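Novice:
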Amino acid sequence: KAGVTQTPRYLIKTRGQQVTLSCSPISGHRSVSWYQQTPGQGLQFLFEYFSETQRNKGNFPGRFSGRQFSNSRSEMNVSTLELGDSALYLCASSRGTGGLSYEQYFGPGTRLTVT
Amino acid sequence: GDSVTQMEGPVTLSEEAFLTINCTYTATGYPSLFWYVQYPGEGLQLLLKATKADDKGSNKGFEATYRKETTSFHLEKGSVQVSDSAVYFCALSVVGSQGNLIFGKGTKLSVKP
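Here is the structure:
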């Protein structure tokens, strides 16, 4: 079974631009979560989607947004990029949500560099 | 709020040494606990988990026991290998927010031959 895939793997953008990252979950998984990983702040939760609905949201500004499609694929968008948005963005999928047994499986991440 | 605290790294060990990485947590609810591992250039892999008090998670020689009385979930391995070199993250999730994992800062482990 194919794992979680994220595209692109690497991205370089300029301050003020916007960016869209894509995540394809494991087949049959309906929940997708996004995390930001930086050396200073570590791993921080951005948001979770289940059945095209945002279920949880972390403490990030409104410049960070996401969506989920009917095939469970998800995208996240960052508008008006800042230097501090440089990070590894990780996507994770699970079969469901709301139950203790739902494990999250992570993709390899998208490395975003803002110059 | 909910949080995870794990020992600062880096940790450097010789092959076949005993490993302990401490992890303690604070949670308002009744959490599930996890250890994830991240190899260089890769995403996170679930190493083991425990969903209730006194549960012991184990995988690839690693073990951790959910201790509610001490709010701890320490990772142990009896004999580490060079291939265990990676960053280890302790994490928790609470009921109703399983898609929201709260992570510790990570502990980098280097194992020397």
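Which chain is which? The protein sequence lines are A and B, in order.
The first sequence maps to residues 1385 to 1499 in my numbering.
The second sequence maps to residues 237 to 349 in my numbering.
No residue lacks a Cβ here, since even glycine has one placed at the ideal position from N, Cα and C.
Remember, predicted model here, so these are calculated numbers, not experimental data.
(1) Could you pull out every unbroken beta strand (DSSP E) segment of at least 3 residues lying fully inside the segment 279-340 of chain B, listed in chain order?
(2) How should F254 of chain B be labelled, buried or exposed, when 16 other C-beta atoms within 10 angstroms of its C-beta is the threshold for buried?
(3) The beta strand (DSSP E) spanning S250 of chain B covers which residue range?
(4) Cα separation between S1458 of chain A and K285 of chain B?
(5) Can you pull the DSSP bridge partners for R1451 of chain A?
(6) Under the assumption that S239 of chain B contacts T262 of chain B (Cβ atoms under 8 Å), give the Cβ distance between them as a whole number of angstroms.
(7) Leaving out the 5 sequence neighbours to the left and right, which residues in its chain are closer than 7 Å to E1487 of chain A when beta-carbon positions are compared?
(8) Can you name the residues that DSSP bridges to T264 of chain B?
(9) With T241 of chain B and T260 of chain B assumed to form a contact (beta carbons below 8 Å), what rounded beta-carbon distance in angstroms separates them?
(10) Three Cβ pairs or more, each shorter than 8 Å: is that satisfied between the segment 1452-1471 of chain A and the segment 1399-1413 of chain A?
(11) Assuming V1416 of chain A and S1456 of chain A make a contact with CB atoms under 8 Å, what is their CB distance in whole Å?
(12) Can you tell which of A:T1422, A:Q1428, A:G1442 and A:Y1473 has the C-alpha that lies nearest to the C-alpha of S1406 of chain A?
(13) Where F1444 of chain A and Q1452 of chain A are concerned, what is the direct C-alpha to C-alpha distance, given to the nearest angstrom?
Specialist: This is what the structure gives:
(1) 280-286, 292-295, 298-301, 311-313 and 322-329, all fully within the segment 279-340 of chain B.
(2) On the second sequence, position 18 is the one that residue 254 of chain B refers to. Exposed, by the Cβ-count rule.
(3) Taking the second sequence and counting its residues from 1, the one referred to as residue 250 of chain B is at position 14. From DSSP, the beta strand (DSSP E) with S250 of chain B extends over V247 to S250.
(4) The residue you call residue 1458 of chain A lines up with position 74 of the first sequence. The residue you call residue 285 of chain B lines up with position 49 of the second sequence. The alpha-carbon atoms of S1458 of chain A and K285 of chain B are separated by roughly 26 Å.
(5) By 1-based counting over the first sequence, the position of residue 1451 of chain A is 67. In the DSSP output, where bridge partners are listed per residue, R1451 of chain A has A:E1459.
(6) The residue labelled residue 239 of chain B in the question sits at position 3 within the second sequence. The residue labelled residue 262 of chain B in the question sits at position 26 within the second sequence. Going by Cβ atoms, the distance from S239 of chain B to T262 of chain B rounds to 5 Å, so yes, they are a contact pair.
(7) What you label residue 1487 of chain A is simply residue 103 of the first sequence in a count that begins at 1. If we look at E1487 of chain A and ignore the five residues flanking it on each side, its Cβ neighbours are S1478.
(8) Mapped onto the second sequence, residue 264 of chain B falls at position 28. In the DSSP output, where bridge partners are listed per residue, T264 of chain B has none listed.
(9) Taking the second sequence and counting its residues from 1, the one referred to as residue 241 of chain B is at position 5. Taking the second sequence and counting its residues from 1, the one referred to as residue 260 of chain B is at position 24. That pair is a contact at about 5 Å.
(10) yes
(11) By 1-based counting over the first sequence, the position of residue 1416 of chain A is 32. By 1-based counting over the first sequence, the position of residue 1456 of chain A is 72. The pair is a contact, with the Cβ atoms about 7 Å apart (cut-off 8 Å).
(12) By one-based count along the first sequence, residue 1406 of chain A stands at place 22. Measuring from the Cα of S1406 of chain A, the nearest candidate turns out to be A:Y1473.
(13) Locating residue 1444 of chain A in the first sequence gives position 60, where the first residue counts as 1. Locating residue 1452 of chain A in the first sequence gives position 68, where the first residue counts as 1. Straight-line spacing of the CA atoms in F1444 of chain A and Q1452 of chain A works out to 18 Å.
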